[in-house]
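Student: Input: one structure, supplied below.
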Amino acid sequence: MIERLLILSVKNRVLVIALAFVFILLGAVASTKVAIDAVPDVTNVQVQIITPAEALGPIDVETYISVPVERAMAGMPGLEEVRSISRAGISVVTVVFTDDTDLYFARNQVSQRLVEAKRDIPEGYGDPQMAPVSSGLGEIYHFEVKGDSVPLMQRRTLLDWEITPRLRLVPGVVEVNTFGGQARALEVSLDPQKLASAKVSVPDVLEAIDKNHVAVGGAYVVDGRENVTVRGEGRVRNKDDLAGIIVATKGDVADTRPGGTPLYLRDVAEIHEAPLVRYGAVTRDGHKEEAVVGVVMMLRGADSGKTASAVKDAIADIQKSLPPGITIDGYYDRTDLVHRTIHTVGKNLLEASLLVVVVLFLTLANFRAGVIVAISIPLALLGVFIGMWIGGVSGNLISLGAIDFGLVVDGAIIIVENAMRRLGDKRKELGRALTDEERSEVVVDAAREVRGATAFGEAIIALVYVPILALQSVEGRMFRPMALAVLFALGAAFVLSLTLVPALASMFLPKDVEDKESFLIRTAHRAYVPLLAKSLRFPKLVAAATFALFLGSLVVGGNMGREFLPTLDEGTLVLAMVRLPSVSLEQSMEQTRAVEKTLLGFPEVTSVVCRTGRAEIAIDPMGVNMTDVYVMMKPHDQWTTTHEREKLVELMDKALADSVPGASFAFTQPIEMNTSDLLAGISSDLALRIYGQDTAQMQQIANQMMRVLKTIPGAKDVRAEQIAGMNVLTADADRVAIARYGLDVRAVMQTIAAIGGIEAGTVVEGSVRIPIRVRIANAQKLGAEQVAQIPVRAPNGAMVPLGQLTRIDVSPGPSQVHRERLARSITVEVNVRGRDIGSFVDEAKKRLDAEVKVPPGISTSWAGEYERLESATKQLLVVVPIALLLIVVLLVATFGKARPALLIFLNVPMSISGGIAALFARGLPLSISAAVGFIALFGVAVLNGLVLVASIERLRDKGESLDAAVKDGAEGRLRPVLTTALVASLGFLPMALATSAGAEVQRPLATVVIGGLVSSTLLTLFVLPTVYAWLARKLDKPEAPAATAHSPTQPAA
């Protein structure tokens, strides 16, 4: 099959070249279709269920909403975890499924179970709905609606009803979340004193509005030959219509017969436009006036670059139709990060390609040969794009950045190098330049001769990547695209080496070529020969030194730090700010302005946006004591305070501690925060969860653990979740008193609900929908005594104060309730700076076990980065041995015996030694990125050993003596071994040295490969020949000179 393809490619080389141009065209199209982002989307398969419940406190939200929803979700196919958070006015339940569950199947299952959950939720307590299909990479564009002379309410109305609906039409946009400003409402502010004097209560007002806000349809009538639609329009259109609604008739309220003086709604209430009750606010850059902002959410799996570009185009069109003075100002654009990281990848790939080409010219010593091999590089990259397009794989910093073109061109190098050697031999044999036909025949023979070996080598390199496809969870979602990209590149290179490379070689390699070594190879050869001779004389010393080096590297590796992945510098900071739960929204805003002014004092900061609490229409569970502070930064090359991100964070932390005492800050980044929140419900690197039922006892344990963690080196931004500290005014129904006055509990509860506001309908103004809210006037400023005086009308017309119908009490209560594993939980969060995650948690475990006594009924677990590190480590302990075993099986199958296979396998521990040494020298901890680098390294290391041992075996099969075969085989394979090692290591060199956006993620992988190749190449060139000869002398039986095919021609010494 391979031989036939080679012959056809050389015979039809013009057609092959034409097909290559078609391939280029297809690859160019595919490159525009592949979804590109900065990092892989590691969000698990999850569905969030959000239930707004304005009338309920945290305990009621937990009892009547969160728990029923959790129970309804139990038993679904693929269910992995259910967790919830309950705050005043909102429940968020997160349902997590296994990775192999289809997202839309999961949403369908959840939708069905919600029907069951809704039956268990009391009427009027809330309507659970699934959140949009988004992910940790969902927030792609943030913008502010500006207008200095335009009121906040008008700006918010424009955002809600004109800008947001049009942005939702953009392909790839799943939602636009709106924050800040004042959401427009038509408010009916009831005066308790007027209600009492008019003998009207809240239920009367609600009933009157309901009866006078109606529209009906009357089907149709026939007018002659035409149907005429009949409709009745009785809806309220404006505040005047609302004010004119008759609530009762003056006189005997219990007997509202016609003829009495009507009592209008305006007589007992003030009707005006007012904002909805606010649960959050947005400020920017320290300005006194609030900001109105929108956050564009991308559909999961969409292309962030294309979606953000389409969003900006849509905003430019929307801007044209906005009123004068209104502008849309984008302050966070995720495409900035995408462009910077892709620029890093492109720069690294270009520099790596150039380095590989230079090495090819230096080692092959022929310009045309170098060009033929180099052509494989861009074509292989186009093959990657085609594979990604067909396979639906996204391109990102890791998947594209891990491609090493040194590995890609190995097959082409071997074929072209052998073709040059064979052409040179043929020229010497004929004593003249070759004809076209002779050149083609030689190229086919040369390719046929080595294609089997190169195919096997490429199979080994591909094989080590296959187990990566078996990784699950976050690490699987992180590295599977990378493994697929490398496999696509190797597949494309394999096809090119059988088709285009021999076709080009048969056309363009010189007919009078001389196979001569380059200056680089000649120099290396002169140094190598005497060093090899010395090595062969002291086999025991060489073996002992190699073993000692390996043991030393294991000791060093065992004491190195561990982390999941290096932190990607996104170029934007986010500070998760938390205050006491009892803080008011106004106080929170005062502090956020102080935060903004402090941070703007750093010349590196361009803008600061503080998003406190949540929107009026609840979409997340943040309280007014919680703020996300977005800090937009200048490019690194414009920093003046310091050029180190961690140092700048420390300076900011210190400045904020001085200017905003009493608040805690956790420094993170937008994607990092959103991903951590979705994966583990936290905003920090690590979280220690405390589970139990006794919240007071759990809080005590959490505070103790927080104090211990603060004393551990590397701990920053340590904070324990404070669930207590919020006062709750409870009006507990006195059923005896309610019955005595002939009332029902619903009427009493409606009166209480009017303190926060009851929606009584909607007024339509064109495309704008304005809710009608019935509230007690100045309700938010009422104390317990004033609440007790709110009147409720009894059936006999008597006005009974609320205090006589309920037991009113003000007591401390929880501000929020977290649940996980069907139990309550409290979280202690901590960021780690200046040391690795693994060693920090190891020390923390020892300290906590010694200093904090955990009582029965309470359990703890670690979440966040450490949880992911542990999961990945366990999987790698299975995946890596499988990869190594597959390599051994292939090697044994190749040689038909175990000894040469095991000798070649010595390259694996030697490459590990070099990789660990390189990480140690650069001060990098062991990480999953480094582990993947080791896996990639094993293939190249084994391939080099295979080339050398196969050469020695081949020479012994031809009858050479052991010593001669070892010497000639090692010296003869110097050029391909050095070339392979150089192109593979130099292909990763730009990645290892890069400092631009995203470089920190690629650096460990590249460092491991380069360090490992250095050590494994030394092993291949010196240790392998030495140990091979030593073992052969010890183990091979002396045989007669008339040796068999696999025996040396002379007896072993």
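Following the working numbering, the numbering of the sequence shown begins with 12 at its first residue and continues without gaps.
Backbone N, C-alpha and C define an ideal beta-carbon position, used for all residues, glycine too.
Could you give the distance in angstroms between the alpha-carbon of G926 and the alpha-carbon of R179?
Tutor: 49 Å
Student: Within 10 angstroms of its Cβ, does F32 collect 16 or more other Cβ (buried), or is it exposed?
Tutor: exposed
Student: From H298 to A605, what does the alpha carbon distance come to, in whole angstroms?
Tutor: 10 Å
Student: Cβ atoms of A691 and G875: under 7 Å apart, would you say?
Tutor: Yes; because the gap between Cβ atoms is below 7 Å, this pair is in contact.
Student: Where V620 and A698 are concerned, what is the direct C-alpha to C-alpha distance, given to the nearest angstrom?
Tutor: 26 Å
Student: Taking C-beta to C-beta, are S200 and R804 nearer than 7 Å?
Tutor: If you check the CB distance, S200 and R804 do not come in under 7 Å.
Student: Where does P51 sit, in a helix, a strand or coil, going by DSSP?
Tutor: coil
Student: Which residues does DSSP list as the beta-bridge partners of R804?
Tutor: M810
Student: Using only the alpha-carbon positions, how far apart do A514 and G572 sit?
Tutor: Approximately 50 Å between the Cα atoms of the pair.
Student: Quick check on this structure: which residue in A707, A799, A788 and Y702 has the alpha carbon closest to the alpha carbon of D745?
Tutor: A799
Student: Looking at the ligand COA, does it come within less than 6 Å of R625, judged from the CB to the closest heavy atom?
Tutor: Ligands in the displayed structure: none, and consequently the ligand COA is not present.
Student: Can you tell me the Cα-Cα spacing of V58 and I766, whole angstroms?
Tutor: 33 Å
Student: Where in the stretch 200 to 225 do unbroken runs of the beta strand (DSSP E), each at least 3 residues long, occur, reported from the N-terminal end onward?
Tutor: Inside the stretch 200 to 225, DSSP marks no whole beta strand (DSSP E) run of 3 or more residues.
Student: When we look at the beta-carbon of G336 and count the other beta-carbons within 10 Å, is it buried (16 or more) or exposed?
Tutor: exposed
Student: Look at the alpha carbon of D344 and the alpha carbon of R295, and state the distance between them as a whole number of angstroms.
Tutor: 16 Å
Student: What's the C-alpha gap between D696 and S364?
Tutor: 36 Å
Student: Does DSSP put D820 in a helix, a strand or coil?
Tutor: strand
Student: Out of curiosity, what's the CA-to-CA distance linking T267 and E198?
Tutor: A caution first: T267 carries a pLDDT of 45, below 50, which makes its placement in the model unreliable, though a value can still be read off. When the Cα atoms are used, T267 and E198 turn out to be separated by approximately 26 Å.
Student: Between F945 and I353, what straight-line distance do the alpha-carbon atoms span, to the nearest angstrom?
Tutor: 24 Å
Student: Can you tell which of S387, P911, R933 and A494 has the C-alpha that lies nearest to the C-alpha of P1036?
Tutor: P911
Student: How long is the line joining the alpha carbons of A265 and V322, rounded to whole angstroms?
Tutor: Summary for A265: the model assigns pLDDT 44, below 50, so the residue's position carries little reliability, and this model does not support an answer.
Student: Here's the rule: buried if 16 or more other CB atoms are within 10 angstroms of the residue's CB, otherwise exposed. What is L591?
Tutor: Exposed, because fewer than 16 other Cβ atoms sit within 10 Å of the Cβ of L591.
Student: Could you spell out where the alpha helix (DSSP H) holding Y539 opens and where it closes?
Tutor: F530 to R548
Student: Can you check whether the CB of M588 is closer than 7 Å to the CB of V512?
Tutor: no
Student: What are the boundary residues of the alpha helix (DSSP H) that E854 is part of?
Tutor: I848 to E862
Student: Use the C-beta contact count for E428: other C-beta atoms within 10 angstroms, 16 or more gives buried, fewer gives exposed.
Tutor: buried
Student: Look up T1018 in the DSSP assignment and say whether it is helix, strand or coil.
Tutor: helix
Student: Classify P920 as helix, strand or coil using the three-state DSSP reduction.
Tutor: helix
Student: Please say whether W400 and A46 have beta carbons closer to each other than 7 Å?
Tutor: Not closer than 7 Å, so no.
Student: For D263 and V293, I'd like the C-alpha separation in whole angstroms.
Tutor: Low confidence applies here, because D263 scores a pLDDT of 49, under 50, leaving its location unreliable and the question unanswered by this model.
Student: Would D314 be called buried (16 or more neighbouring beta carbons within 10 Å of its own) or exposed?
Tutor: By the 10 Å Cβ count, D314 comes out buried.
Student: Report all residues from its chain with a CB closer than 7 Å to the CB of N842; omit the five preceding and five following residues, and keep chain order.
Tutor: A677, F678, S695, D696, K727 and D728
Student: Per DSSP, what kind of secondary structure is N738 in: helix, strand or coil?
Tutor: strand
Student: Short of 6 Å in beta carbon distance, which residues of its chain neighbour L26, apart from the five on each side in sequence? Order them along the chain.
Tutor: none
Student: Give the single residue among S405, R351 and I397 whose Cα lies nearest to the Cα of R311.
Tutor: S405
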